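Scroll down for the structure; my scribbles are underneath it.
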Amino acid sequence: MLQQTTVKAVGPYYHRFLEKFPTVEALAAADRDEVLSAWAGLGYYSRARNLHACAQQVVALGGFPKDVAGLRALPGVGAYTAAAVAAIAFGVPVVPVDGNVERITARLFAVEEPLPAARKTLAALAEGLNTDKAARARPSDFAQALFDLGASLCSPRSPACGLCPWRESCAAQKAGIAATLPRKAPKVARPVRYGAHFLVMDAAEQILLRKRPETGLLAAMTELPGTDWRSERWSEAGALAQAPCTASWQACGVVRHVFTHFTLEVTVYAARVQHFSNHVAQTGFLAPAGRVAGLSLPSVMLKCIKLGLKAL
DNA sequence: TACGCGTGGTG
DNA sequence: TCACCAAGCGT
Numbered sequence: 001m002l003q004q005t006t007v008k009a010v011g012p013y014y015h016r017f018l019e020k021f022p023t024v025e026a027l028a029a030a031d032r033d034e035v036l037s038a039w040a041g042l043g044y045y046s047r048a049r050n051l052h053a054c055a056q057q058v059v060a061l062g063g064f065p066k067d068v069a070g071l072r073a074l075p076g077v078g079a080y081t082a083a084a085v086a087a088i089a090f091g092v093p094v095v096p097v098d099g100n101v102e103r104i105t106a107r108l109f110a111v112e113e114p115l116p117a118a119r120k121t122l123a124a125l126a127e128g129l130n131t132d133k134a135a136r137a138r139p140s141d142f143a144q145a146l147f148d149l150g151a152s153l154c155s156p157r158s159p160a161c162g163l164c165p166w167r168e169s170c171a172a173q174k175a176g177i178a179a180t181l182p183r184k185a186p187k188v189a190r191p192v193r194y195g196a197h198f199l200v201m202d203a204a205e206q207i208l209l210r211k212r213p214e215t216g217l218l219a220a221m222t223e224l225p226g227t228d229w230r231s232e233r234w235s236e237a238g239a240l241a242q243a244p245c246t247a248s249w250q251a252c253g254v255v256r257h258v259f260t261h262f263t264l265e266v267t268v269y270a271a272r273v274q275h276f277s278n279h280v281a282q283t284g285f286l287a288p289a290g291r292v293a294g295l296s297l298p299s300v301m302l303k304c305i306k307l308g309l310k311a312l
């Protein structure tokens, strides 16, 4: 959960998740959709699918691998997570290299090569951080101390070098460039994509939803029926031509949502109908409008539903 | 290597 | 408002 996600955002999800799936066996035995639903709103949904697959693999193996190579082979476990689990759970003297440790290392050794090209260099330098006896004796505490140093003093924007225990040995601090490291390669501009989604509710206050494809963006998550997300705006006629049924559609506004690599602008249309024909209902599934929790809805769709319901 | 993959917080 | 960032991984 903590991959690219703040401790604060993870907290509630983590506790709910452990309550729902208290053991690796319970997680392995759960339905994939139940796991996705517990993850809904947290983002990077491949982590949920990988974690579920990972639990099944661990159960099949008869327990957790206890070394870096064994952990690294599990789904969703990369170099960082393998090292973190090995050090923190199993006391293996390795240094997990996350964003914090990359930043600390870049500053300590004044590495001016920009990320991501510098990643290999930084990992090699970080590996040498725990050579002293005290550090090697407590791999978990050493890793945690690095995370905390990065999160508190050696922070991205304005590092508190005056308070840093490593101030004297920090090459970037000596050179006066600590705040400018690590350097990053310039980013590409984030394009805007446009879509339209449709909220339709029957007399029993059920709304029509559908499942997204198994691969790609928001894989296997739930959504309101809608158009493609494309680089040109949709005309009203063009959007309504793809409405899930005939109804007096009402445009109720635009939802703007920022993904990592593009910004999405969704025009939301809403309508009431007496009842759904079988033909229409079979394009997706029906759910009570008041109870959309537990349906693996990503945040962008929660925004759309909220906007649509307000108009009805 | 470079990109696809979410969401919320912050200066 | 907006760019940047967060206990990265898979392809």
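149 is the number that UniProt numbering gives to position 149 of the first sequence; each next residue is one higher, with no gaps. Heads up, the beta-carbon is just placed ideally off N, CA and C, and yes, glycines get one too. Just so we're clear, the structure is a prediction, and the values are computed from it rather than from any experiment.
What residue ranges within the stretch 161-191 form continuous alpha helix (DSSP H) runs of no fewer than 4 residues, ordered along the chain?
171-175
Give me the Cβ distance between Trp234 and Ala196, rounded to the nearest whole Å; I'm assuming they're in contact under 8 angstroms.
5 angstroms
Among the residues of its own chain, which have a CB less than 6 angstroms from the CB of Leu125, if the five just before and after it don't count?
Thr105 and Phe109
Residue from Glu112, Arg167, Ser46 and Ala219 with nearest C-alpha to Thr180:
Glu112
Any idea what DSSP makes of Leu302, helix, strand or coil?
helix
Report yes if the CB atom of Leu209 is closer than 8 angstroms to the CB atom of Ala270, and no otherwise.
no
From the DSSP output, read off the bridge partner residues of Glu265.
Tyr194 and Arg256
Would you call the stretch 255-271 in contact with the stretch 284-303, where contact means no fewer than 3 C-beta pairs closer than 8 angstroms?
yes
In the DSSP assignment, what residue or residues form a beta bridge with Pro288?
Gln206
Select from Pro22, Tyr13, Trp39 and Met1 the residue whose C-alpha is nearest the C-alpha of Met221.
Trp39
What would DSSP say about Leu36, mapped onto helix, strand or coil?
helix
Take the Cβ of Pro22 as the centre, count every other Cβ of all protein chains shown within 10 Å, and call the residue buried at 16 or more, exposed below.
exposed
State yes or no: is the C-beta of Phe259 nearer than 7 angstroms to some heavy atom of the ligand ATP?
No copy of the ligand ATP occurs in the structure displayed, which carries no ligand at all.
At least three beta-carbon pairs within less than 8 angstroms, the stretch 232-247 to the stretch 53-69:
no
If you follow the alpha helix (DSSP H) that His52 is in, where does it begin and where does it stop?
Ser46 to Leu61
Once you ignore the five residues that flank Gly294 on each side, which residues in its own chain have a CB closer than 7 angstroms to its CB?
Ser37
Is Pro225 closer than 8 angstroms to Thr283 when the C-beta atoms are compared?
yes
So, is His279 buried or exposed, given that buried needs 16 or more other C-beta atoms within 10 angstroms?
exposed
In angstroms, rounded to a whole number, what distance separates the CA positions of Ala203 and Arg272?
8 angstroms
Simplified DSSP state of Glu25, which is helix, strand or coil
helix
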